[in-house]
Amino acid sequence: MIVTYWNEKGELVDSNSIGPEIGISYLPYTLLTANRKVESKRVDLVFGINAELPIADKWKVNSRISYSKREAARWRDMLLIPTTNYREYRHQDLNIDFSLYYHFADIISIGLGPSVVKKMNSSVSTYYFPEAMVLYGLENFSRDENHVLFEVNSGIKLTKGRFNLNMRYFRRLKNKINFLHIIGKNKLELTLNVMILGYKNKKE
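Sequential numbering of the sequence shown, starting at 653, is according to our numbering.
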């Protein structure tokens, strides 16, 4: 279904549209382990689907679902008896964002809204040395860390025709991880999306 918004003069102001989005996501964090601080400053790929719905002149509701596979963090704790080869934290993000955008100048819009992050295939794993496994009867094991997290997002969008350049900042409300303590609640994203379905040019 296509929703269009017309002004009092009968001119096409905007219409709802849907299209793919791809870009980069920067999620810095620090893991506090038994006796180590493990930092991650990886920039990861993010891709998804973006949808816009005009609700009034200069106002739009934006929704997006996106996915990002984060780089695994590895470390080795300092132990009195060196049985552990390394530990590893793996996590993937499924993001759902809602924002209210206001078009205030030429090609520039600003937005604000809530976000939900579902951690997928996320775990903290411990891998022992083969010799320690034989000597002490140890087995490698993993703990699931699949949680639902909540964030607040804000963004600036530059629009040219079908194309949008999006710069977003996310602030996590609370970190949740059972096995480790994680520090870091800020996330930055730079993405490009092109509106395909439902897009209507104002000049048409």
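Beta carbons are placed, not taken as given, at the ideal position from N, Cα and C, and that holds for glycine.
For A703, there is no enclosing alpha helix (DSSP H); the enclosing beta strand (DSSP E) has its first and last residue at 695 to 708.
About 26 Å separates the Cβ atoms of K839 and Y738, ruling out a contact at the 8 Å cut-off. F822 has its alpha-carbon roughly 14 Å from the corresponding atom of R716. In its chain, beyond the 5 residues on either side, R823 have a beta carbon closer than 6 Å to the beta carbon of V804. Residue burial is scored here from C-beta neighbours: A724 has fewer than 16 other C-beta atoms within 10 angstroms and is therefore classed as exposed. Where P766 is concerned, the enclosing beta strand (DSSP E) starts and stops at 760 to 780.
For M785, the secondary structure class from DSSP, reduced to helix, strand or coil, is helix.
Taking a cut-off of 8 Å for Cβ pairs, the region 797 to 811 and the region 746 to 754 touch, as three or more such pairs fall below it.
A Cβ-Cβ separation of about 4 Å places S761 in contact with K809 under the 8 Å criterion. Taking the Cα positions, L731 is about 13 Å away from T778.
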